[in-house]
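In what follows, a structure is listed as structure tokens, so that the remarks can point back to it.
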Amino acid sequence: MTIYNFSAGPGMLPPSVLRDVQEEFLSFQGTGMSIVETSHRSARFSDVVTSFKTRLSRLMDIPTNYDILLLQGGATLQFSMIPMNLTRHGRFGYIDTGVWSKKAIADARRFGEVEVLATSVERAMWAPFDSVTSESLDYLHVTLNNTIEGTRYRDLPDVNVPLVADVSSNILAERIDVSRFGLLYAGAQKNIGPSGLTVVIKRQDLAQATDLPSYLDYANHLDLLNTPSTFSIYVAERVLRWMEEEGGVAAMQEKNERSSDIVYDYLDRSDRFRALVNGASRSLTNIPFTTGDVQEDKVFEQFAETNGVVEIGGHRSVGGLRASLYNAMPEAGARRLVDVMRAYEEGKHVSHPDV
Ligand SMILES: *Cc1c(COP(=O)(O)O)cnc(C)c1O
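With this note's numbering applied, the sequence shown has no gaps in its numbers, which climb one by one up to 1354 at the end.
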């Protein structure tokens, strides 16, 4: 039985990439050494880094006046590095759309004055704000896709300060116009590769603080400052290669739209399950849903697991159920999820008919 992993992160990776990595694990490019034994300063590893950056630039159409930084510490460390590095007046704007935004706000408060310009009251009734005109803000931070709540921006606000976005759960899953942002960041483990790598895409002219501790200063990461997570970068380069072969971000987005439509359509027609978000702000990659009953959600989670649909529990902070459909999830996975929900709804508490 094929197992479909709907984890919100670390998420599913393309099986073909994992097989290639396995095959090459003992002897990287015929060297007789594993990638995890290879110097990050070696020419071989430098080629991997260059290839990663070149492919990411191509896939996301990143303009030449942006730098790609490969960091550690997850998206979470960016919650601090952003205000530390981009401070000028010490005033930062944030839009609070959920759990991850709140964490970003809490860390930013340690480095200056935070103005929360808009807050989503209910995740099911989430309305993005219209515009920002305040020029005294050093930047405006948005969480483009809310992994836990299952919401996303469809239209971006008009702003005249640098826009900073957490794209941890939608990078490379849908088109993002990089040129509209001052800085984008993402932990790799949702749509790029294994955990341990954080990607920061930063416009070169963005304000830059000085006198920061060496690791925390963006300016020190144009080349590798210290030993990065070499294994994560290596696997991530393979994932980008796979993505290009599959047709790039446009192909990923089309596939993700088909897959999420399959799931949302079923949830909208079901008498047993319902989506927690309605309308245009529904996320493409994270679909929270429920039976409406905490206990029954748990029963269904178990039922799904015995039918090859795994990791569909909601985030520990909110409970319920959640299906994450990242790039490596094939459309067949979305169909399996719906088949399993239908079998459950029809009272067939038995194994999935196809398995
Ligand atoms: C997962 C996630 C984070 C946290 O990422 P880490 O790499 O674990 O620090 C932050 N923001 C969003 C939107 C996420 O989905």
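Backbone N, C-alpha and C fix where the C-beta goes; we use that ideal spot for every residue, glycine too.
Could you tell me whether the Cβ atoms of residue i and residue j are closer together than 9 Å?
| i | j | result |
| --- | --- | --- |
| Arg1043 | Phe1027 | yes |
| Ser1316 | Thr1284 | no |
| Ile1200 | Val1177 | yes |
| Ile1104 | Val1163 | no |
| Ile980 | Ser1323 | Given a span of 1000 to 1354 for the chain in the structure shown, any question on residue 980 remains unanswerable. |
| Ser1100 | Asn1144 | no |
| Ile1034 | Val1309 | no |
| Met1059 | Val1248 | yes |
| Gly1312 | Thr1289 | no |
Here's a check: name, in chain order, each residue in its chain whose Cβ is nearer than 7 Å to the Cβ of residue i, leaving out the five neighbours to either side.
| i | result |
| --- | --- |
| Arg1240 | Arg1054 |
| Met1011 | Asn1004, Tyr1325, Ala1327 and Met1328 |
| Ala1218 | Gln1207 |
| Tyr1065 | Val1177, Ile1200, Lys1201, Arg1202 and Gln1203 |
| Gly1357 | Any property of residue 1357 remains undetermined from this structure, which presents the chain solely from 1000 to 1354. |
Pull up the distance between the alpha-carbon of residue i and that of residue j, whole angstroms please.
| i | j | result |
| --- | --- | --- |
| Met1340 | Val1262 | 10 Å |
| Val1354 | Thr1118 | Because Val1354 carries a pLDDT of 42, less than 50, the predicted location of this residue cannot be relied on, and the following value inherits that uncertainty. Roughly 45 Å between the two C-alpha positions. |
| Gly1307 | Arg1334 | 12 Å |
| Glu1173 | Arg1257 | 12 Å |
| Glu1304 | Asp1019 | 27 Å |
| Leu1336 | Glu1253 | 19 Å |
| Ser1168 | Arg1057 | 19 Å |
| Leu1297 | Val1166 | One point to set straight first is that residue 1297 is Lys, not Leu, in the sequence displayed. One C-alpha to the other measures close to 30 Å. |
| Val1198 | Val1016 | 20 Å |
| Asp1204 | Tyr1138 | 13 Å |
| Arg1362 | Met1000 | Residue 1362 falls outside the range modelled here, since the chain spans only 1000 to 1354, and no answer is possible. |
| Glu1243 | Lys1189 | 18 Å |
| His1351 | Asp1338 | A caution first: His1351 carries a pLDDT of 48, below 50, which makes its placement in the model unreliable, though a value can still be read off. So the two alpha carbons sit approximately 8 Å from each other. |
| Gly1346 | Phe1299 | 11 Å |
| Leu1116 | Pro1156 | 12 Å |
| Met1032 | Phe1024 | 8 Å |
| Leu1171 | Met1251 | 8 Å |
| Gly1029 | Thr1037 | 12 Å |
| Arg1268 | Gln1021 | 42 Å |
| Asp1210 | Ser1006 | 40 Å |
Just checking my contact of residue i with residue j at CB under 8 Å: how many whole Å lie between their CB atoms?
| i | j | result |
| --- | --- | --- |
| Tyr1184 | Ala1074 | 6 Å |
| Val1238 | Pro1009 | Not really, about 12 Å apart at Cβ, beyond 8 Å. |
| Leu1182 | Arg1202 | 7 Å |
| Phe1110 | Glu1236 | Phe1110 to Glu1236, Cβ: 33 Å. No contact. |
Kindly indicate which residue of the options has the alpha-carbon position closest to the one of residue i.
| i | options | result |
| --- | --- | --- |
| Thr1142 | Met1011, Gly1186, Phe1230 and Gly1319 | Gly1186 |
| Ala1208 | Thr1086, Val1035 and Leu1336 | Thr1086 |
| Gln1077 | Asp1106, Ile1067, Asp1338 and Ala1327 | Asp1106 |
| Glu1112 | Val1158, Ile1147, Val1309 and Met1083 | Met1083 |
| Asp1095 | Ser1135, Leu1205, Thr1150 and Arg1179 | Thr1150 |
| Tyr1265 | Tyr1343, Asp1019 and Arg1237 | Tyr1343 |
| Val1158 | Arg1179, Gly1008 and Glu1300 | Arg1179 |
| Arg1321 | Ser1282, Met1242, Val1115 and Val1166 | Ser1282 |
| Val1160 | Gly1029, Asp1216, Gly1092 and Thr1290 | Gly1092 |
| Ser1280 | Arg1273, Asp1154 and Val1016 | Asp1154 |
| Pro1212 | Ser1079, Met1242 and Ala1274 | Ser1079 |
| Asp1292 | Arg1271, Gly1278 and Phe1302 | Arg1271 |
| Gly1319 | Gln1301, Gly1031, Ala1331 and Ile1170 | Gln1301 |
| Gly1332 | Asn1255, His1088 and Asp1267 | Asn1255 |
| Leu1221 | Thr1030, Ser1045, Ile1175 and Lys1102 | Ser1045 |
Can you list, in chain order, the residues of its chain with a C-beta nearer than 8 Å to that of residue i? Leave out the 5 residues immediately preceding and following it.
| i | result |
| --- | --- |
| Ser1231 | Ala1187, Gly1192, Pro1193, Ser1194, Gly1195 and Leu1196 |
| Ile1061 | Leu1055, Ile1067, Val1177 and Ile1200 |
| Leu1223 | His1039, Arg1040, Val1048 and Leu1069 |
| Lys1102 | Thr1075 and Phe1078 |
Once the 5 residues before and after residue i are set aside, which same chain residues still bring their CB inside 6 Å of it?
| i | result |
| --- | --- |
| Met1124 | Residue placement at Met1124 is flagged as unreliable, the pLDDT there being 40, under the threshold of 50; a coordinate-derived value is accordingly withheld. |
| Leu1136 | Arg1090, Gly1092 and Val1160 |
| Thr1226 | His1039 |
Using a Cβ-Cβ distance under 9 Å, would residue i count as near chain B?
| i | result |
| --- | --- |
| Leu1076 | Protein chain content of the structure displayed is limited to a single chain, and chain B is not contained in it. |
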